[in-house]
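Chemist: Heads up, the sequence shown is in the working numbering, so the first residue is 387 and it goes up one at a time.
Ideal Cβ positions, reconstructed from N, Cα and C, are used throughout, including at glycine.
As the structure is a prediction and not an experimental result, all values here were calculated from the model.
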Amino acid sequence: MSVKPYKEETSSKKQQVANMFNNIAGKYDFLNHFLSMGIDKKWRKKAIDLLKDLKSPHILDVATGTGDLAIMAHKRLGANVTGVDISTQMLKVAEKKIYEKGLETFIKVKEGDSESLPFEDNTFDAVTVAFGVRNYENLDKGLTEMARVLKPGGKMVILEFSRPSAFPFKQLYFFYFKHMLPFFGGVISKDKAAYEYLPESVLNFPDGEAFDAELKKAGMKPLKREKQTLGIATIYLAKK
């Protein structure tokens with residue numbers, strides 16, 4: 387059974403995730419940078435730089451959220467980016483940031499479902515996701531859809547939380563992740579369940595070799611797997 391943000395509710399994981407991000411959209415960027423001590427920006431740069439061999443690519447950024455990865459893809463690669471997300475409130479934040487930076491010609495965002503992408507086959511040079519795939523209701527369906535819209539030879543870059551394994555960092559990290567993060571995240575966002583869901587979703591996500599196996603099942607060829615900051619996050623690079 388998939389992990390859901392609001393256990394007392396009977397709605398689908400997809401609907402709950404949309405509601406969760408609508409609830410925390412106004413505080414999402416602040417909490418992301420505060421709770422990660424700004425390291426998440428470095429991870430995003432490394433993820434995007436794996437696509438630096440592509441010349442002015444058209445990129446699909448799935449679960450684009452407030453648009454940080456989409457903006458970085460344009461700035462570092464000169465990419466035209468289409469961002470999709472199921473949260474209308476997160477997209478409103480993204481649109482505001484894109485407009486304020488004068489990037490609306492290069493970055494377009496729209497509401498969309500990762501498991502039923504509104505694009506033709508073989509459309510994009512690359513597909514990116516940052517901290518989104520563990521929120522999919524059906525992981526295989528989401529990955530298969532992303533592979534479908536990639537051009538042959540196109541690349542997929544996924545940045546996702548993972549589980550550190552080295553002692554004693556592993557123990558310190560999980561104490562922070564299970565106790566301190568939900569407390570501070572809940573107080574600031576006013577949605578404690580969202581920040582209790584975060585560590586639970588990471589613990590139930592197939593990272594490392596298990597995720598590479600999911601990529602293969604979706605028709606992708608894993609090329610590289612890079613752990614970040616002692617394994618807090620992992621960047622996956624795959625090719626269609």
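On the criterion of 16 or more Cβ atoms from any shown chain inside 10 Å, does Val548 qualify as buried, or is it exposed?
Modeler: Looking at the sequence itself, residue 548 is Ser, so the reference to Val does not match. Classification of Ser548: buried, given that the 10 Å Cβ count is 16 or more.
Chemist: Met476 to Pro608, Cα distance in whole Å?
Modeler: Cα to Cα, Met476 sits roughly 30 Å from Pro608.
Chemist: Can you give the Cα-Cα distance for Pro550 and Tyr559, rounded to whole angstroms?
Modeler: Using only the alpha carbons, I get a separation of about 8 Å.
Chemist: Measuring straight from C-alpha to C-alpha, what distance separates Lys461 and Asp426?
Modeler: Distance between the alpha carbons of Lys461 and Asp426: 17 Å.
Chemist: Around the Cβ of Thr450, are there at least 16 other Cβ atoms within 10 angstroms (buried) or fewer (exposed)?
Modeler: It is buried - the Cβ of Thr450 has at least 16 other Cβ atoms within 10 Å.
Chemist: Identify every run of the beta strand (DSSP E) within the region 530-604, keeping only runs that are complete inside it and at least 3 residues long; order them along the chain.
Modeler: Entirely contained in the region 530-604, the beta strand (DSSP E) runs reaching 3 residues are, in chain order, 536-547.
Chemist: Just to confirm before moving on: does the CB-CB distance between Lys556 and Pro568 stay below 8 Å?
Modeler: No, they are not a contact pair.
Chemist: Any idea which residues DSSP pairs Val467 with across the strands?
Modeler: Answer is Ile445, Ile493, bridged to Val467.
Chemist: Near Met387, what residues of its chain come up, given a Cβ to Cβ distance below 6 Å and the 5 sequence neighbours on each side ignored?
Modeler: Any answer about Met387 is weak, because its pLDDT of 47 lies below 50 and its placement is not dependable; what the coordinates show is given next. So no residue of the chain qualifies.
Chemist: Going by beta-carbon coordinates alone, are Glu523 and Lys400 separated by less than 8 Å?
Modeler: Yes.
Chemist: Between Lys413 and Ile544, which are expected to be in contact by the criterion C-beta below 8 Å, what is the C-beta distance as a whole number of angstroms?
Modeler: Not a contact, Cβ separation roughly 25 Å.
Chemist: DSSP three-state call for Leu440: helix, strand or coil?
Modeler: Leu440 falls in the coil class under three-state DSSP.
Chemist: Could you check how far apart the C-beta atoms of Ala516 and Ala433 are, in whole angstroms? I think they sit under 8 Å.
Modeler: Contact holds; Cβ gap of about 7 Å.
Chemist: Report the residue from Leu455, Val470, Asp471 whose alpha carbon sits nearest the alpha carbon of Gly464.
Modeler: Checking every option, the nearest Cα to that of Gly464 belongs to Leu455.
Chemist: Whether or not the region 407-424 and the region 474-488 are in contact is what I'm after, with contact meaning three or more pairs of Cβ atoms, one per stretch, closer than 8 Å; do they touch?
Modeler: Yes, they touch.
Chemist: For Thr474, name the three-state secondary structure that DSSP assigns.
Modeler: Correct three-state label for Thr474: helix.
Chemist: Express the C-alpha separation of Val470 and Glu497 in angstroms, rounding to a whole number.
Modeler: Distance between the alpha carbons of Glu497 and Val470 is about 5 Å.
Chemist: Since Phe591 and Glu531 are thought to touch, with beta carbons under 8 Å apart, how far apart are those beta carbons, to the nearest angstrom?
Modeler: 18 Å between Cβ atoms; not a contact.
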